[in-house]
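So the sequence shown is numbered by the numbering used here: it starts at 61 and just counts up by one. Cβ atoms here follow ideal geometry from the backbone N, Cα and C, with glycine treated the same way.
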Amino acid sequence: MSSTKKYRFSTECVTIDNPNAGKDQYNSSSVPIYQSATFKGMNGEYDYSRSGNPTRTHLEHHLAKISSAKHAFAVSSGMAALDIIARILKPGDEVIAGDDLYGGTNRLLGYLKSNAGVIVHHIDTCTPSTVEQYLNKDTTRLVLLETPTNPLIKICDVKDVADRVKASCPDAIIVVDNTMMSPYLQRPLDFGADIVYDSATKYLSGHHDLMAGVVVCNRDDLAKHMGFTINSVGNGLSPFDSFLLLRGLKTLAIRMDRQQATARIVASFLNKLGFVVHYPGLSNHPGHDTHFKLARGAGAVLSFETKDIKTSERIVGSAKLWGISVSFGAVNSLISMPCLMSHASIPAHLRAERGLPEDLIRLCVGIEDYEDLIDDLENSLVQSGAIRTRFTPAEENWSSEIGSLERIGEERAMAWEKCSMFEEQPTVKAASTAETKKEGGNIVVSAPGKVILFGEHAVVYGVTAIASSLDLRCYGCLSPRSDNSLSISFPDLDTDVTLEIEALPWKAVKNAHDDILDIDHELVAALENHFPAEKFNSKARGAIISFFHHYMSICYNDRRAVSFSARSDIPIGAGLGSSAAYSTCVSTALLILAKKVAIEHTHNATHISHDGRRFINDDIAKYVNKWSFVSEKILHGTPSGIDNSVSVFGGAISYSRVRDQAMINLNGFKSMKLLLTNSNVDRDAKKLIAGVAKLKQEEPEVVKGVMDGIQGIVDEAVRCFNDKDLNRNVLLNGLSELVRTNHGHLDRLGVSHPTLEIIISKLQAYNLKTKLTGAGGGGCTVTLIPDDYDEKELGDALQKLQQAGFDTYLTTVGGSGLGYLIEEYNLEKNTQSTNEEESVGPFTSVFSKDFPTNELNSKLRESGHWVFV
């Protein structure tokens with residue numbers, strides 16, 4: 061293999077020479093894939109692909125050329141490359157390695173230490189004098205260096221270390237992991253390294269569509285040893301992967317130019333915000349000067365510290381363009397927390413000893429437009445509470461440049477972790493800054509409806525159910541009064557109730573003194589007498605009793621005069637969780653009023669979809685959910701807990717009453733378009749459930765078969781939701797088939813309805829798969845809509861349904877959970893009611909019956925800054 065360099069690097073990358081000129085009979089411009097395990101004949105150049113393959117030979121020749129090396133080997137992965145090198149070691153040999161290493165490297169060295177009698181010293185190899193202290197002329201066999209290190213991006217002076225090692229231990233082998241730089245930016249062989257290896261999965265390939273490792277060297281003895289080992293163990297790179305790697309190498313220079321240019325912008329952005337940023341391209345990096353003595357660029361990997369693990373988790377979870385993944389070097393940008401991912405195999409105590417911060421975030425910059433990457437990163441930082449925007453709601457067209465952003469200091473960042481119940485009697489701290497809502501202002505909350513995608517009825521018999529939040533929401537507004545009265549208003553149900561606070565049956569309250577999270581049955585009975593059934597419709601009466609039960613239990617020691625109004629674009633009584641959304645709104649508003657939870661304003665939050673993000677923390681959400689479940693028990697008797705949990709937490713959950721952990725978040729769930737069709741047929745859920753129980757008693761084998769079938773559907777759906785690599789169209793088409801099959805099982809249980817079957821039939825004509833949801837016997841159907849479904853076809857389908865008298869709701873599933881309006885604007889202020897003694901706040905028009913239901917969501921979402929679970 062020739063090491064002569066004829067052209068500049070980018071030209072050399074594209075120009076792939078033929079090491080066996082004239083042997084390709086067709087003179088192909090792209091190296092052929094010799095997808096053959098064996099070759100005919102005797103004494104030929106190739107006989108078995110484990111020992112050699114023409115495609116791999118082309119690749120190795122090309123790698124040697126662009127690395128200015130005499131020898132190059134391509135193997136099955138970066139760790140396979142290190143394994144081949146490490147087989148030079150014998151029992152008793154000593155290895156000096158860094159203390160900031162890739163987790164897989166650390167794991168392999170640990171294995172050699174425990175099983176092969178090799179002595180390993182993990183030290184700071186970025187300080188040459190420290191390396192010198194560990195050198196032993198008789199036993200030091202290998203010095204393993206990374207530069208930059210992963211993930212702290214420390215810089216090792218390869219030349220200085222090599223000089224010291226050769227002076228003391230001339231037989232020691234100096235090995236450098238050059239994965240982060242590639243031969244384009246750094247060539248350690250030029251500075252005294254004996255062997256250089258790369259994980260070619262990263263920059264050399266550039267697309268994360270193959271696994272490969274590369275080893276280059278100039279010493280014949282080392283090359284002979286490694287070549288023998290590769291042939292013996294058979295981990296040479298396959299012909300097809302060799303072809304892919306050759307193709308990726310052609311664009312190495314142009315990719316890395318784009319990636320490191322953007323990385324410099326990203327690093328500068330974070331640096332100006334005051335984060336501790338690890339990137340050698342910054343002039344304040346302690347290894348900046350040393351790095352540029354060895355390298356011609358800073359690379360495209362950087363890391364930064366937030367000083368708070370939870371904040372880091374929120375940042376990573378909020379990213380959209382930055383994919384959450386281990387590895388780096390692809391054209392796509394990636395974000396990760398090394399201590400939870402790539403370096404999780406290193407024990408926590410060792411990470412601490414080596415100075416690896418648990419809050420560290422690593423960014424691997426791709427080739428996307430830098431402005432989009434900065435926008436996405438900025439949004440993640442804002443949503444996590446790491447930074448805030450310096451602007452006022454009145455300022456339109458505000459700039460999101462660095463000047464309009466500021467870092468939230470460590471003390472303020474920690475306030476996020478205080479957004480929870482305190483130890484014994486949790487209290488809320490009302491907004492304390494000029495930007496937060498004033499004491500005594502409106503408390504505006506919202507919660508989503510829900511849909512059961514799979515598992516209705518079967519859940520009662522231990523089968524798992526999958527439920528998801530809807531982008532249809534209930535909104536509640538709690539406003540102060542000044543007349544010692546309470547009022548509750550349901551414009552959608554034509555219901556208003558006003559009464560004096562002391563007129564309530566306070567003597568019946570039993571649980572409030574101990575903050576017991578369960579129904580106060582005596583209080584419920586007293587309230588049922590107070591609000592007799594003959595004076596209220598059943599839906600409104602249950603909601604009234606639930607509100608006053610919670611008000612009297614939660615606010616027993618702080619009986620403030622308030623008005624509560626609730627509105628919803630969730631169709632009431634359709635089985636879409638309108639009662640659970642209402643229960644969540646009531647519980648949240650009253651817990652904030654009574655200062656039992658705290659949701660502090662630490663930045664100007666913006667409305668976002670769920671997508672794994674969090675602001676209102678889990679402690680608050682869990683506490684609210686307990687109260688919401690109590691409200692659901694008042695409204696329904698024995699609820700499963702699915703509805704209120706989805707309403708509080710958003711996203712999607714799987715629920716099984718026979719698991720130790722009944723509810724599990726489906727974190728891989730992807731937001732999807734959904735058509736809900738309301739049959740407008742009343743349901744008798746108790747009768748339907750009783751019918752299934754009777755069928756089970758009469759035909760147990762039939763019901764068991766149905767239950768097993770539904771469980772299989774649920775298992776497959778969960779697998780799909782958790783498969784991050786699954787193509788979205790494949791996912792939606794597969795789920796649609798599961799929807800169709802699930803409905804067949806439910807129909808066999810006798811819980812469908814002729815009207816539902818009409819809806820299903822009409823949508824089947826448009827090749828859309830539909831099933832009932834909830835208890836059945838009326839209520840709603842659900843239909844998943846593929847992303848690429850023709851808009852005209854969908855419009856025609858909706859028109860046909862509406863002409864047949866059905867109400868349709870085109871929405872999405874998988875959105876936000878509980879929401880809280882932390883700062884209000886854009887609505888009329890100081891609206892006064894006809895009662896001069898009553899202050900109703902600025903949301904009068906929106907919470908009135910005259911305001912259109914279909915505009916409720918958009919109006920309130922734009923009413924100020926919301927934060928969500």
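With DSSP collapsed to three states, give me the class of glutamate 438. helix
How close, in whole Å, do the beta carbons of glutamate 154 and alanine 134 come, if the pair is a contact with beta carbons under 8 Å? That pair is no contact at about 29 Å.
CB of leucine 530 within 8 Å of CB of threonine 261, strictly: no
Go through the segment 149-207 residue by residue and report every complete run of the beta strand (DSSP E) that reaches 3 residues or more, in order. 154-158, 179-183, 200-206
Can you check which of these residues, Tyr257, Asn278, Ser613, is closest to alanine 140 by C-alpha distance? Tyr257
Which full runs of the alpha helix (DSSP H) of 4+ residues lie inside the segment 555-613, going along the chain? 581-590
How big is the Cα-Cα spacing for glutamine 757 and aspartate 578? 33 Å
Euclidean distance between Cα positions of serine 228 and arginine 279: 20 Å
Tell me whether cysteine 645 sits in a helix, a strand or coil according to DSSP, three-state version. helix
State the beta-bridge partners of isoleucine 699 as determined by DSSP. Here the sequence assigns proline to residue 699, which means isoleucine is not the residue at that position. Looking at the DSSP assignment, proline 699 forms no beta bridge with any residue, so it has no partner.
Within the same chain, show all residues whose beta-carbon is closer than 6 Å to that of alanine 283, passing over the 5 residues directly before and after it, in chain order. His131, Cys277
Which residue comes first and which comes last in the beta strand (DSSP E) that contains arginine 533? 525-540
Does the segment 352-372 come into contact with the segment 315-323, if we say contact requires no fewer than three beta-carbon pairs (one atom in each stretch) closer than 8 Å? yes
Glutamate 373 - containing alpha helix (DSSP H), residue span: 369-378
Opposite threonine 830 in the DSSP bridges: which residues? Thr843
Let's test the definition: count the other Cβ atoms within 10 Å of the Cβ of glycine 152 and tell me whether it reaches 16, buried, or not, exposed. exposed
Three-pair Cβ contact test at 8 Å for the segment 630-650 versus the segment 681-696: yes
State the DSSP-derived secondary structure class of phenylalanine 335, mapped to helix, strand or coil. coil
Within a Cβ cutoff of 8 Å, which residues of the same chain sit near leucine 755, ignoring the five residues on either side of it in sequence? Val762, Val763, Leu809, Gly810
Please give me, in chain order, every unbroken run of the alpha helix (DSSP H) with length at least 4 that falls completely inside the segment 756-831. 760-782, 788-808, 814-824
So, for glutamate 365: in the same chain, excluding its five sequence neighbours on each side, which residues have a beta-carbon less than 7 Å away from its beta-carbon? Phe335, Val336, Pro417, Asp419, Leu420
Same chain only: Cβ atoms within 6 Å of histidine 403, ignoring 5 sequence neighbours per side: Gly163
Determine the closest residue to serine 549 out of Val191, Thr904, Ile183, with distance taken between C-alpha atoms. Thr904
When the distance is taken between beta carbons, is leucine 636 closer than 8 Å to lysine 510? yes
Under 8 Å: do the segment 347-356 and the segment 238-247 share three or more Cβ pairs, one atom per stretch? yes
According to DSSP, is lysine 747 helix, strand or coil? helix
Do serine 242 and leucine 305 have their beta-carbon atoms positioned less than 8 Å apart in this structure? no
Tell me whether methionine 102 is buried or exposed, calling it buried when 16 or more other Cβ atoms sit within 10 Å of its Cβ. exposed
Can you tell me whether glutamine 193 is buried or exposed, with buried defined as 16 or more other CB within 10 angstroms of its CB? exposed
Closest to glycine 383 by C-alpha separation, out of Asn789, Leu437, Pro346, would be which residue? Leu437
Report the rounded CA-to-CA distance for leucine 816 versus aspartate 744, giving the unit in angstroms. 15 Å
Using the rule of at least 16 other Cβ atoms within 10 Å of the residue's Cβ for burial, across every protein chain shown, is histidine 581 buried or exposed? exposed
Hey, how far is the Cα of arginine 921 from the Cα of leucine 441? 21 Å
Where serine 70 and serine 127 are concerned, what is the direct C-alpha to C-alpha distance, given to the nearest angstrom? 12 Å
Return helix, strand or coil for histidine 348, following the three-state DSSP convention. helix
Taking buried to mean at least 16 other C-beta atoms within 10 Å of its own C-beta, is tyrosine 715 buried or exposed? buried
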